[in-house]
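Asker: Chains as they are written, first to last, in this note's numbering: chain A, 490 to 1540; chain B, 26 to 389.
Cβ atoms here follow ideal geometry from the backbone N, Cα and C, with glycine treated the same way.
Let me begin by handing over the structure; questions about it come next.
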Amino acid sequence: MPGKLKVKIVAGRHLPVMDRASDLTDAFVEVKFGNTTFKTDVYHKSLNPQWNSEWFKFEVDDEDLQDEPLQITVLDHDTYSANDAIGKVYIDIDPLLYSEAATVISGWFPIYDTIHGIRGEINVVVKVDLFNDLNRFRQSSCGVKFFCTTSIPKCYKAVIIHGFVEELVVNEDPEYQWIDRIRTPRASNEARQRLISLMSGELQRKIGLKVLEMRGNAVVGYLQCFDLEGESGLVVRAIGTACTLDKLSSPAAFLPACNSPSKEIKEIPFNEDPNPNTHSSGPSTPLKNQTYSFSPSKSYSRQSSSSDTDLSLTPKTGMGSGSAGKEGGPFKALLRQQTQSALEQREFPFFTLTAFPPGFLVHVGGVVSARSVKLLDRIHNPDEPETRDAWWAEIRQEIKSHAKALGCHAVVGYSESTSICEEVCILSASGTAAVLNPRFLQDGTVEGCLEQRLEENLPAGCGFCHIPYDELNMPFPAHLTYCYNCRKQKVPDVLFTTIDLPMDATVIGKGCLIQARLCRLKKKAQAEANATAISNLLPFMEYEVHTQLMNKLKLKGMNALFGLRIQISVGENMLMGLASATGVYLAALPTPGGIQIAGKTPNDGSYEQHISHMQKKINDTIAKNKELYEINPPEISEEIIGSPIPEPRQRSRLLRSQSESSDEVTELDLSHGKKDAFVLEIDDTDAMEDVHSLLTDVPPPSGFYSCNTEIMPGINNWTSEIQMFTSVRVIRLSSLNLTNQALNKNFNDLCENLLKSLYFKLRSMIPCCLCHVNFTVSLPEDELIQVTVTAVAITFDKNQALQTTKTHVEKSLQRASTDNEELLQFPLELCSDSLPPHPFPPAKEHLESASSNSGIPAAQRATSVDYSSFADRCSSWIELIKLKAQTIRRGSIKTTVTVEKASPMGEGNFRNRSTPSCANSTVGVVKMTPLSFIPGAKITKYLGIINMFFIRETTSLREEGGVSGFLHAFIAEVFAMVRAHVAALGGNAVVSYIMKQCVFMENPNKNQAQCLINVSGDAVVFVRESELEVISTQQPAANCQPACTGGEVTT
Amino acid sequence: MASELDIFVGNTTLIDEDVYRLWLDGYSVSDAVALRVRSGILEQTGATAAVLQSDTMDHYRTFQMLERLLHAPPKLLHQLIFQIPPSRQALLIERYYTFDEAFVREVLGKKLSKGTKKDLDDISTKTGITLKSCRRQFDNFKRVFKVVEEMRGSLVDNIQQHFLLSDRLARDYAAIVFFANNRFETGKKKLQYLSFGDFAFCAELMIQNWTLGAVGEAPTEPDSQVDDMDMDLDKEFLQDLKELKVLVADKDLLDLHKSLVCTALRGKLGVFSEMEANFKNLSRGLVNVAAKLTHNKDVRDLFVDLVEKFLEPCRSDHWPLSDVRLFLNQYSASVHSLDGFRYQALWDRYMGTLRGCLLRLYHD
């Protein structure tokens, strides 16, 4: 069934002068969708034309609606010669295709030309009339929502998390077609932009189909990338997590039958609060529609084993840092079995999410990663996706088996990336092996009571640290102790993960950004020799990156890494490794031992002195860092722990990789766990240099913190000022005498200086935290290193920070003991219809949304939940719930207290702190952030995904201010175009913004440069909490009386 | 290991006021870095010189990109490329159009042409203001002039509307445009003691009283090539001023005028005898200035004439300002008592403004 696309061209402004004689322009507009083109009249002699066109109507299939972008071209009419193009606007109309998002796209769009950049703006209105399609065999997937956010979006709750979806499409790169030799750069760029836009649409549609097949209605953690393979093609690939989401704030969401587009899901009864830490409900509600079985995903991803070309050079590295527990045995085993059965039906039990609904994540095993080196010129049939599909399938299989080795059945925080240099391509995948609670997976029919008991065994804040694997049969040597929090289960000495810090994790002190940086020279080689050389280097790099991370972590006095992302980039003559993560001190894990330095010639006096000097320096640094990050774990005496820690002083020995022969690389031991202390052996200059480099990392200036996760552990009182930025640096290495050491130093300096510059530039925001610091490194040419950083600086209230950290610790202590207070928290969350897994759930608003909801009193709704499958003892809970619901209505002070507690952000803080109003501005402010939330504000609506690809080229590089001027202007333009699209959708912010690619090429001799940028994010509407209060206090009054009090309690 | 490329782009454009000032003052990046180092910023922030260099470059690049928009400030408000809070936008515009006193004194009243632009090197050397900054200020004058030149209505309002300047700055620009349009000579050595403020004050009075717009009559036919209302002096008025000559040409009238003034001021003026002795000279000077204004050349020399014919004689006799005020008040007022004089309104229009100007200009 078709839909009708309607477009109206209203006006233009600030157009460039196209006619030198009159200093004016005779502009008209071409509107193209698919193969249909409409034109407006020519508006003569104006730089601010008012076309006010009729509605151009396109009748198209919804398949086309999803694939095709709307293409608007502004031209200058010329009577005698060909019309000159001023520029184009591509509008992705996908957000108009699902009901809950935007209904109209209307606003000023920058007119973009790939050679001249932005040239004026055009005002456009776009609408879509969509007829519902009931055809089961349709090729379109309108209605499936896409989110870049890697957690369940704020105003939704996850009914079911289905799992991994992936897709990949290939096409010939227009830049490499024969026609490119005769067409203009502009035409070539536009062909490329259009192609990628088309492919993105197709990819999204195909993924949407898979989601519908899985009976989901949304993709969360959608990550789309393109690979410029050169001659062999242009690949657009995407991964994501299919979910069934229910809208939270709209009243309809509470009534189980509306709102969700697919019929089956309607049957699913309201699923109650999934937070296992506050109550013990099971998955409980029997899902009536579970009769259908999950079809094995073979059908979802094209599989072919025609990968003869591949060299199978995959180095296999399961990076895990783990431990074991001997208790929790039978339940754990049972749980494992069930989760297993739930997950094993899937080809890949992967989740691109990095933050989860409470209770979803049971245990974390450690980081798993796999890399593979491939030759692009060996692809048999480059135009077909089979070979690439097979490559990725192989890597995913690898990841899956690594996870299994860690006793885990799932991989969370999963991501994939590539690095291409000429015909060599490194494919990488990484994630965190984990054991999940099957409740959220569709076919998890676990007995409620079993889980209940199990969950009681898992104290809050440390459960995820407990090892998932068998102590006696550990996948790698690790040093285990009893959990420092619950003292019941085993935990590893360090924990590395790719996910965000779980909400309920107990952290001591603050976190910090930890980076490992590494360069390795490699000989220039061709084809297989090159691939072999790279493959041989990879394990060493992984090992060294890991060592660096471990050393730096210890130096910070911390014991866990979150958000770990290791990027390995390949260039002509070198490999670069860059790992970023956020270090924290998890209360559940043991205190990290120090770093000891051992010399190899112990009898040399001066040498000895040098060593002891270094040792002192290291010890001082550790002490200083502990103070800086406020790491003062409570002293715990041996007896309380009661654990068989072998020696008070842990000793472990680190072996340098040089000693290992390359034959053994597959069996790399990255855990360092077996021996006790952490000794750095200085046996050569390399090692010396490593120790030095350890100490060169300068901590951020006071008032600054940085992390690469969503939130900074230990800071919870964000104020509303945010500044998102992108910074790019390229350095040219002097080609003379390049050694690994010199390279490392250059690279290290590059990153450190970049960070220093950021701190300096943002000094006016102090105290502030750089969150989601995302470094990308690439090697665009022989001697060039390019580093791109995107992050957001968020201010916070310093005084409040101290208080909340205190209460945080208090809270955790409180939680550990089974306090009755905790029970009181539960009903509140229940009646607010399950907290979204947001790190900062503004519980107050949920309360409001619940109580101001279409006049149904909160209590009534709470009890309307189907509790039939609860174990007997649950009935007493229901009583409590009823009781509590009453309390809420009455607005007792107690409720207010729990509200504050439930939300880690000092809400009182935001009230008086809204940004200075920009009401006078003619251009609405659009915030951009790589985070999934906006501090001090509530996201009220998701308008759709923003996924944009731009090419900019210049043949007058010097005139545009050189490479810096060129790229600066281009990035500013990209921001502007993203903001304009969001504003046109009716939004005021982009969350989960990411610059996925920034490929920059220059040829200064020819005065030319080209850059490709790919960005994405979620367009949203947010409301400041201060403004929200005004609305909410008015609303309940108009609504129903009992709710009134509920609304006022929290204000 | 040189940085080939080094950029920072914020969603909200970062504006560093100190760097903006350095940029406006026309310092090169390296000079600006040196000045920033001297300001002690490195010690305050613990940054390195390299960081400062990169930061300064970034800001300079941003300002260069913004400059195009600053040339037409309403564009800055409507553009989409740089997200800048309104308060910052206002600051950017205001600072961009702010000029140096030393510079404006050099070009005030000069034709804003290419010829003058060529002399900017000399002005730069003379004033110590960088050539770059001189150029920006000169171009600003010229740009504002070009935009409002052809416009009807209040000069200040037009400037404010098209350049979004503060009231104060818009008035200053009105004075600059007015002076440039009428080419008043302000550079002579005799006039060196006068500040821009003095001239701006006079300009405002003249715009209010001596231009076509001042009369308050809108041009009857819109198409007719009527002089710009606020920019050009009212030609008819200048013609009429000839009639004032009678005040000095007619000996009886002059004597009567003198006696009226002297009678009124006797005992009130510290410099009475000097005034009495000089009255005819002074009056002749003031009236002749008026009578000559029909010629463009003499209009240009207005301020020179005022200084030579009136201000200098008073100063050489050490008149205190209060005495000058008393004298001018009485001098203007007494004309009303001259029965044979028919041009009272004309006299008031002329003297009212001139008195204000003279009082402002009378200082050391």
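So, is A/TRP667 buried or exposed, given that buried needs 16 or more other C-beta atoms within 10 angstroms?
Answerer: The residue you call residue 667 of chain A lines up with position 178 of the first sequence. Exposed, because fewer than 16 other Cβ atoms sit within 10 Å of the Cβ of A/TRP667.
Asker: Quick check for students: name the residue ranges of the beta strand (DSSP E) that lie wholly in the region 556 to 631 of chain A, counting only runs of 3 or more.
Answerer: For the region 556 to 631 of chain A, whole beta strand (DSSP E) runs of length 3 or above, ordered along the chain, are 559 to 565, 573 to 580, 594 to 602 and 606 to 619.
Asker: Report yes if the C-beta distance between A/VAL633 and A/VAL708 is below 9 Å; otherwise report no.
Answerer: Residue mapping note: residue 633 of chain A aligns to position 144 of the first sequence, counting from 1. Residue mapping note: residue 708 of chain A aligns to position 219 of the first sequence, counting from 1. Result yes, Cβ atoms of A/VAL633 and A/VAL708 sit closer than 9 Å.
Asker: For the alpha helix (DSSP H) containing B/MET231, list its first residue and its last residue.
Answerer: For the purposes of this step, residue 231 of chain B is taken as residue 206 along the second sequence, with counting starting at 1. B/MET231 -> alpha helix (DSSP H) spans 221 to 235.
Asker: Going by Cα to Cα distance, which pick from A/VAL499, A/HIS566, A/ILE604 and A/GLU552 is closest to A/PHE1459?
Answerer: Counting from one through the first sequence, the residue named residue 1459 of chain A turns up at place 970. A/PHE1459 has its Cα closest to that of A/ILE604, out of A/VAL499, A/HIS566, A/ILE604 and A/GLU552.
Asker: Where do the ends of the alpha helix (DSSP H) carrying B/ARG350 lie?
Answerer: Sequence index remark: in the second sequence, residue 350 of chain B carries index 325 (1-based). Per DSSP, B/ARG350 belongs to the alpha helix (DSSP H) from 346 to 359.
Asker: Kindly list the residues whose CB is nearer than 8 Å to the CB of A/GLY606, restricted to its own chain and excluding five residues on each side of it in sequence; keep chain order.
Answerer: Numbered from 1 along the first sequence, position 117 holds the residue referred to as residue 606 of chain A. So the list reads ARG1441, ALA1458, PHE1459 and GLU1462, once near-sequence residues are dropped.
Asker: For B/VAL34, would you say it is in contact with chain A, using Cβ-to-Cβ distances shorter than 9 Å as the test?
Answerer: Here residue 34 of chain B refers to the residue found at position 9 when the second sequence is read from its first residue. Output row for B/VAL34: interface = yes.
Asker: On the premise that A/ASP515 lies in contact with A/HIS566, defined as a C-beta separation below 8 Å, what is that separation, rounded to the nearest angstrom?
Answerer: The residue labelled residue 566 of chain A in the question sits at position 77 within the first sequence. The residue labelled residue 515 of chain A in the question sits at position 26 within the first sequence. Yes, they are in contact, since the Cβ atoms of A/HIS566 and A/ASP515 sit about 4 Å apart, within 8 Å.
Asker: Considering only their Cβ atoms, is the gap separating A/TRP540 from A/GLY501 smaller than 9 Å?
Answerer: Reading the first sequence from its first residue, position 12 is the one you call residue 501 of chain A. Reading the first sequence from its first residue, position 51 is the one you call residue 540 of chain A. Contact flag set, yes.
Asker: Is it buried or exposed for B/GLU131, if we count other Cβ within 10 angstroms and need 16 for buried?
Answerer: As a position in the second sequence, residue 131 of chain B is number 106, starting the count at 1. The residue in question, B/GLU131, is buried, as its Cβ has 16 or more Cβ neighbours within 10 Å.
Asker: Nearest by alpha-carbon distance to A/ASP989: which of A/VAL996, A/LEU717 and A/PHE1051 is it?
Answerer: Locating residue 989 of chain A in the first sequence gives position 500, where the first residue counts as 1. Checked all of A/VAL996, A/LEU717 and A/PHE1051; the closest Cα to A/ASP989 is A/PHE1051.
Asker: How should A/MET1490 be labelled, buried or exposed, when 16 other C-beta atoms within 10 angstroms of its C-beta is the threshold for buried?
Answerer: For the purposes of this step, residue 1490 of chain A is taken as residue 1001 along the first sequence, with counting starting at 1. Classification of A/MET1490: exposed, given that the 10 Å Cβ count is below 16.
Asker: With DSSP collapsed to three states, give me the class of B/ARG193.
Answerer: What you label residue 193 of chain B is simply residue 168 of the second sequence in a count that begins at 1. Here B/ARG193 sits in helix by DSSP.
Asker: Could you run through the region 596 to 612 of chain A and flag, in chain order, every residue whose CB is less than 8 Å away from some CB of chain B?
Answerer: Listed by position along the chain: TRP597, PRO599, ILE607 and GLU610.
Asker: Can a CB atom of chain A be found closer than 9 Å to the CB of B/THR211?
Answerer: As a first step, residue 211 of chain B is located in the second sequence; it is residue number 186 there, counting from the start. Chain A, which has no Cβ nearer than 9 Å to the Cβ of B/THR211, makes this no.
Asker: Under 8 Å between beta-carbons, which chain A residues line up against B/LYS100? List them in chain order, please.
Answerer: Along the second sequence, read from residue 1 onward, the residue named residue 100 of chain B stands at position 75. Those are HIS503, listed as they occur along chain A.
Asker: If you run the structure through DSSP and keep just helix, strand and coil, what is B/ILE66?
Answerer: The count along the second sequence starts at 1 and reaches residue 66 of chain B at position 41. Residue state, collapsed to three classes: helix.
Asker: Looking only at its own chain, which residues have a Cβ that is under 8 Å from the Cβ of B/ALA57, when we skip the five neighbours before and after it?
Answerer: Along the second sequence, read from residue 1 onward, the residue named residue 57 of chain B stands at position 32. If we look at B/ALA57 and ignore the five residues flanking it on each side, its Cβ neighbours are VAL44, LEU47, TRP48, THR81 and TYR85.
Asker: Between the C-alpha atoms of A/GLY896 and B/ILE40, what's the straight-line distance to the nearest angstrom?
Answerer: Along the first sequence, read from residue 1 onward, the residue named residue 896 of chain A stands at position 407. Along the second sequence, read from residue 1 onward, the residue named residue 40 of chain B stands at position 15. Their Cα atoms are separated by approximately 53 Å.
Asker: Using the Cα positions of A/THR774 and A/LYS497, report the straight-line distance between them to the nearest angstrom.
Answerer: As a working mapping, residue 774 of chain A is identified with position 285 in the first sequence. As a working mapping, residue 497 of chain A is identified with position 8 in the first sequence. Because A/THR774 carries a pLDDT of 31, less than 50, the predicted location of this residue cannot be relied on, and the following value inherits that uncertainty. Whole-angstrom Cα-Cα distance: 49 Å.
Asker: So A/VAL1412 contacts chain B; which residues on that side make the cut at Cβ distance below 9 Å?
Answerer: Translated into the one-based positions of the first sequence, residue 1412 of chain A becomes position 923. Ordered by position in chain B, the residues that pass the 9 Å Cβ test against A/VAL1412 are LEU102, HIS103, GLN104, LEU105 and GLN108.
Asker: Mind checking which residues open and close the alpha helix (DSSP H) that includes B/ARG86?
Answerer: Translated into positions along the second sequence, residue 86 of chain B becomes position 61. Counting along the chain, the alpha helix (DSSP H) containing B/ARG86 begins and ends at 74 to 95.
Asker: Below 7 Å on C-beta distance, what does A/VAL1452 contact in chain B?
Answerer: On the first sequence, position 963 is the one that residue 1452 of chain A refers to. Neighbours of A/VAL1452 on chain B, chain order: GLU29 and LEU30.
Asker: With a cut-off of 8 Å on the beta carbons, I'd call A/GLN1486 and A/PHE715 a contact; round off their distance for me.
Answerer: Translated into positions along the first sequence, residue 1486 of chain A becomes position 997. Translated into positions along the first sequence, residue 715 of chain A becomes position 226. Sure, about 7 Å apart at Cβ, within 8 Å.
Asker: Contact between the region 996 to 1010 of chain A and the region 907 to 914 of chain A is defined here as three or more beta-carbon pairs at a separation below 8 Å; is this criterion met?
Answerer: No contact exists between the region 996 to 1010 of chain A and the region 907 to 914 of chain A.
Asker: In chain B, which residues lie less than 9 Å from A/GLN1212 when you measure between Cβ atoms?
Answerer: Residue mapping note: residue 1212 of chain A aligns to position 723 of the first sequence, counting from 1. Under the 9 Å cutoff, chain B gives GLY35, ASN36, THR37 and LEU39.
Asker: So A/GLU1462 contacts chain B; which residues on that side make the cut at Cβ distance below 8 Å?
Answerer: Locating residue 1462 of chain A in the first sequence gives position 973, where the first residue counts as 1. What A/GLU1462 touches in chain B: ILE106.
Asker: Residues of chain B with a CB under 8 Å from the CB of A/VAL1217: which are they?
Answerer: On the first sequence, residue 1217 of chain A is found 728 positions in, with the first residue counted as 1. Going along chain B in sequence order, the residues near A/VAL1217 (Cβ under 8 Å) are LEU30, ASP31 and ILE32.
Asker: Please identify, using Cβ separations under 8 Å, the residues of the region 65 to 92 of chain B that lie next to chain A, in order along the chain.
Answerer: Of all residues in the region 65 to 92 of chain B, THR70, GLY71, ALA72, THR73, ALA75, VAL76, LEU77, SER79, ASP80, MET82, ASP83, ARG86, THR87, GLN89 and MET90 have a Cβ within less than 8 Å of some Cβ in chain A.
Asker: Just list the alpha helix (DSSP H) runs in the region 497 to 557 of chain A, keeping only unbroken ones of 4 residues or longer that don't cross its boundaries, in chain order.
Answerer: With a minimum length of 4 residues, the continuous alpha helix (DSSP H) runs that stay inside the region 497 to 557 of chain A are 551 to 556.
Asker: Would DSSP call A/GLN1085 helix, strand or coil?
Answerer: The sequence position of residue 1085 of chain A within the first sequence is 596, counting from 1. DSSP places A/GLN1085 in strand when its eight states are reduced to three.
Asker: Less than 9 Å between the C-beta atoms of A/LEU692 and A/GLU661, yes or no?
Answerer: As a position in the first sequence, residue 692 of chain A is number 203, starting the count at 1. As a position in the first sequence, residue 661 of chain A is number 172, starting the count at 1. Cβ atoms of A/LEU692 and A/GLU661: not closer than 9 Å.
Asker: Name the chain B residues whose beta carbon is nearer than 7 Å to that of A/ILE1483?
Answerer: Start at 1 with the first residue of the first sequence, and residue 1483 of chain A comes out as number 994. Near A/ILE1483 there are no residues of chain B at all, since even the closest Cβ is about 13 Å away, more than 7 Å.
Asker: Taking beta-carbon pairs under 9 Å, can you tell me which members of the region 1238 to 1250 of chain A lie near chain B?
Answerer: Cβ contacts with chain B come from ASP1238, LEU1239, ASN1242, LEU1243, LYS1245, SER1246, LEU1247, TYR1248, PHE1249 and LYS1250.
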